[in-house]
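Before any comments, here is the structure.
Residue numbers (UniProt numbering): 1 to 95.
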């Protein structure tokens, strides 16, 4: 959907996600080739960190744009945006 704050950075975001997709495909090849389990786990950790980096970037942008704009207006929308952000942070912390 056009209009989200990350629309301007969509190309870079998609490039990061494609690199992560490549990491996941590499993991699949490692398993197919019976790569040593510690090496597979190391690559899983790297892919996880890469996804966390994308998530933190999205969260930062959401707080800086969506939540900030809603809180400037106030009202129920502001409360909803803060609640959504809080729930997203909780999901990230648990993952």
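Glycine included, C-beta positions come from ideal geometry on N, C-alpha and C. Source: prediction; values computed, not measured.
- Item | Three-pair Cβ contact test at 8 Å for the segment 64-72 versus the segment 30-50 | no
- Starting from residue 64 and walking both ways along the alpha helix (DSSP H), at which residues does that stretch end? If you number the chain shown from 1, residue 64 lands on position 64. Run containing residue 64: none; DSSP gives neither H nor E here.
- Return the CA-CA distance between residue 62 and residue 5, expressed in angstroms with no decimal places. Here residue 62 refers to the residue found at position 62 when the chain shown is read from its first residue. Here residue 5 refers to the residue found at position 5 when the chain shown is read from its first residue. Their backbone Cα atoms lie some 8 Å apart in a straight line.
- Message: Which residue marks the beginning of the alpha helix (DSSP H) containing residue 23, and which one marks its end?
- Response: Position 23 of the chain shown, counted from the start, is the residue given in the question as residue 23. Unbroken alpha helix (DSSP H) run through residue 23: 10-32.
- Message: Less than 8 Å between the C-beta atoms of residue 43 and residue 26, yes or no?
- Response: Your numbering for residue 43 matches position 43 in the chain shown. Your numbering for residue 26 matches position 26 in the chain shown. Yes, they are a contact pair.
- Message: Buried or exposed for residue 15, going by 16 or more other Cβ atoms inside 10 Å?
- Response: Taking the first residue of the chain shown as position 1, residue 15 is located at position 15. Classification for residue 15: exposed.
- Task: Output the distance between the C-alpha atoms of residue 24 and residue 53, rounded to the nearest integer angstrom.
- Result: The count along the chain shown starts at 1 and reaches residue 24 at position 24. The count along the chain shown starts at 1 and reaches residue 53 at position 53. About 16 Å.
- Measuring alpha carbon to alpha carbon, tell me which of 81, 83, 78, 56 ends up nearest residue 95. The residue you call residue 95 lines up with position 95 of the chain shown. Comparing Cα positions, the closest option is 56.
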